[in-house]
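Engineer: Protein chains in written order, with this note's numbering: chain C, 54 to 114; chain S, 26 to 425. In this text, a Cβ means the ideal position worked out from N, Cα and C, and glycines have one as well. Quick caveat: nothing in here was measured; it's all calculated off a predicted structure. My questions will all concern the structure given below.
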């Protein structure tokens, strides 16, 4: 599964980092990074992050 | 004189504990033009959009109201709950609790709830609409906000009054008379916990895949969500969901009364309902500021901020900042940058999908049924700071 974040609407709340810390992370500058291709074992976490995003900026596909 | 105090001396000053202080005053706007922040009698007030946006999720800041009971020299069951519940937690503990709670507040749940919101709003409007007048708070926003919580908890609507009274009595804890009101607050807290405990027991006996059901599922692994944390979370949903929605819908009506052409537009184009909620929360948020506390010394915008300093992030001032909003006047058709009515960062309001959903359905219906709404007597307001809103709002309208 592919993971994409629409950075035009992302407000860097970090709810994805809380929901799925193995997929999403902040670096020391506070910029968001994510694993772009995940395996089946991580799909549930990615979906939890996508649901939890207040701006609904995470696209899975 | 040190450099630090020179910086502080040049900042504007706002007395935020003056009962006459208004978040919408000229003094706040003048301060916002003079500096990105103002000194207050209790920490710093952050006034501009970009700074509020950054500081809401600044790694050197934590959520700031966890010390509220201690500051008031209060202990007891309310204080225990307040200090241990989600909003007061940080780091790993906060992340664990938030992960456990998220499924119960997911946007998917709203799809199933939306028709219930419409049904509830219709029932309430049918009651008062033929009169052509009502107290909008007593007859709509309060039973509606509490009714939504009843729906969420799987309680019959008839229990709303009881729940609203408990929440109001517990809510005294957020006021300046916290210590004096402690016996009332403690009694209400105990009643709410008894109530929630009963609810959980009933749901364990007859499992359902709803809000409480989701939390009970999370509680199956006690190391992830203990029995006490389960109860604390449900109490937070009740406590956090009633007054906020009640106040925000009252502020919405007041804003539309002042902008009648926008109300007419919403009635014609109900698909603007969601945008209407966002725009109301930008210009008149019930949560007029969000509090953070510095966990260590740091420098921001050349201003030294000492460990323990409280920062009040003025959401309303930020979202009318002319640096970001060329024309900040109320317009439900305008494309806007995000408001801070639900806070932001790690502590972004957990219930926002529900709040956005229920307020959207309410405003859509109200605009169609209540034409030309106007004030019909004196409106009683909470102070225009902290968590604000109307207590009484007599309105008249042309029923449709």
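For residue 68 of chain C and residue 106 of chain C, I'd like the C-alpha separation in whole angstroms.
Structural biologist: Near 6 Å, if we compare the C-alpha coordinates of residue 106 of chain C and residue 68 of chain C.
Engineer: Curious, which full-length beta strand (DSSP E) runs of at least 3 residues does the stretch 251 to 324 of chain S contain?
Structural biologist: Those beta strand (DSSP E) runs which fall completely within the stretch 251 to 324 of chain S and span 3+ residues are 314 to 319.
Engineer: Does the Cβ of residue 31 of chain S have 16 or more other Cβ atoms within 10 Å, making it buried, or fewer, making it exposed?
Structural biologist: For residue 31 of chain S, the predicted model reports a pLDDT of 46, less than 50, meaning its position is unreliable; a value from the coordinates is still stated below. Residue 31 of chain S is exposed by the Cβ-count criterion.
Engineer: For a contact defined as C-beta to C-beta under 8 Å, what are the partners of residue 101 of chain C on chain S?
Structural biologist: Residues of chain S passing the Cβ test: 124, 127 and 128.
Engineer: Would you mind telling me which residues of chain S sit closer than 9 Å to residue 95 of chain C, beta carbon to beta carbon, in chain order?
Structural biologist: Those do not exist, as residue 95 of chain C stays about 15 Å from chain S at its closest Cβ, beyond 9 Å.
Engineer: Under 8 Å Cβ-Cβ, which residues of chain S neighbour residue 86 of chain C?
Structural biologist: What residue 86 of chain C touches in chain S: nothing, since even the nearest Cβ is about 15 Å away.
Engineer: Helix, strand or coil: which one does DSSP assign to residue 169 of chain S?
Structural biologist: Helix.
Engineer: Which runs of the alpha helix (DSSP H), 4 residues or longer, sit entirely within the stretch 42 to 86 of chain S?
Structural biologist: With a minimum length of 4 residues, the continuous alpha helix (DSSP H) runs that stay inside the stretch 42 to 86 of chain S are 51 to 59 and 74 to 80.
Engineer: Would you please verify whether the beta carbon of residue 377 of chain S is less than 9 Å from any beta carbon of chain C?
Structural biologist: Yes, contact with chain C.
Engineer: Would you say residue 57 of chain C lies against chain S (beta-carbon separation less than 9 Å)?
Structural biologist: No, residue 57 of chain C does not count as interfacial toward chain S.
Engineer: Could you name the residues of chain S that residue 104 of chain C contacts, counting a contact when the two beta carbons are closer than 8 Å?
Structural biologist: Those are 127, 128, 131, 132 and 133, listed as they occur along chain S.
Engineer: Mind reading off the beta-carbon distance from residue 346 of chain S to residue 57 of chain S? Whole number of angstroms is fine, and I expect it under 8 Å.
Structural biologist: So it is a contact: roughly 7 Å between Cβ atoms.
Engineer: Which value, in whole angstroms, describes the spacing of the CA atoms of residue 351 of chain S and residue 214 of chain S?
Structural biologist: Cα to Cα, the separation comes out at about 46 Å.
Engineer: Is any beta-carbon of chain S found at less than 9 Å from that of residue 71 of chain C?
Structural biologist: Closer than 9 Å: yes.
Engineer: Cutting at 8 Å between CB atoms, please list the residues of its own chain near residue 155 of chain S, excluding the five before and the five after it.
Structural biologist: Closer than 8 Å at Cβ, skipping near neighbours: 424.
Engineer: For the alpha helix (DSSP H) containing residue 189 of chain S, name the first residue and the last one.
Structural biologist: Unbroken alpha helix (DSSP H) run through residue 189 of chain S: 185 to 196.
Engineer: Can we count residue 120 of chain S as close to the ligand ATP, meaning its CB is less than 8 Å from some heavy atom?
Structural biologist: Annotation note on the ligand ATP: not contained in the displayed structure, which lists no ligands.
Engineer: Report all residues from its chain with a CB closer than 7 Å to the CB of residue 228 of chain S; omit the five preceding and five following residues, and keep chain order.
Structural biologist: Same-chain partners within the cutoff: 237, 238 and 241.
Engineer: Where do the ends of the beta strand (DSSP E) carrying residue 417 of chain S lie?
Structural biologist: Element bounds for residue 417 of chain S: 415 to 417.
Engineer: Taking residue 180 of chain S as part of the alpha helix (DSSP H), name the residues at either end of that continuous run.
Structural biologist: Run containing residue 180 of chain S: none; DSSP gives neither H nor E here.
Engineer: Would you check if there are 3 or more beta carbon pairs closer than 8 Å linking the stretch 324 to 331 of chain S to the stretch 289 to 308 of chain S?
Structural biologist: Verdict: no, contact absent.
Engineer: With distance defined between alpha-carbon atoms, name the residue in C/65, C/59 and C/54 nearest to residue 78 of chain S.
Structural biologist: Closest by alpha carbon: C/65.
Engineer: Quick one, are the C-beta atoms of residue 97 of chain S and residue 203 of chain S less than 9 Å apart?
Structural biologist: In this structure, residue 203 of chain S lies closer than 9 Å to residue 97 of chain S by Cβ.
Engineer: Going along the chain, which residues of the stretch 66 to 84 of chain S sit with their C-beta nearer than 9 Å to a C-beta in chain C?
Structural biologist: Correct list: 78, 79, 81, 82, 83 and 84.
Engineer: Could you have a look at residue 329 of chain S and say whether DSSP puts it in helix, strand or coil?
Structural biologist: Strand.
Engineer: Counting only the same chain and skipping the five closest in sequence on each side, list residues whose C-beta sits under 8 Å from that of residue 333 of chain S.
Structural biologist: Closer than 8 Å at the Cβ level, and outside the excluded window around residue 333 of chain S, lie 318 and 319.
Engineer: Taking only runs that begin and end inside the stretch 75 to 100 of chain C, name each unbroken beta strand (DSSP E) of 3 or more residues, in chain order.
Structural biologist: The stretch 75 to 100 of chain C contains these whole beta strand (DSSP E) runs: 77 to 79 and 85 to 87.
Engineer: From residue 49 of chain S to residue 409 of chain S, what does the alpha carbon distance come to, in whole angstroms?
Structural biologist: When rounded, the distance between both Cα atoms is 8 Å.
Engineer: Tell me, which residues are paired with residue 337 of chain S by DSSP?
Structural biologist: DSSP lists S/70 and S/316 as partners of residue 337 of chain S.
Engineer: What does DSSP give as the partner residue(s) for residue 406 of chain S in the beta ladder?
Structural biologist: Answer is S/415.
Engineer: Verify the CB distance criterion: does residue 366 of chain S have a CB-CB separation below 9 Å to chain C?
Structural biologist: Output row for residue 366 of chain S: interface = no.
Engineer: Would you check if the distance between the CB atom of residue 168 of chain S and the CB atom of residue 285 of chain S is smaller than 9 Å?
Structural biologist: Not a contact, by the Cβ cut-off of 9 Å.
Engineer: Can you check whether the C-beta of residue 114 of chain C is within less than 9 Å of a C-beta belonging to chain S?
Structural biologist: Closer than 9 Å: no.
Engineer: In the DSSP output, which residue or residues are listed as bridge partners for residue 159 of chain S?
Structural biologist: Beta-bridge pairing links residue 159 of chain S to S/420.
Engineer: Shorter than 9 Å from the beta carbon of residue 109 of chain C to some beta carbon of chain S?
Structural biologist: By this cut-off, residue 109 of chain C is an interface position.
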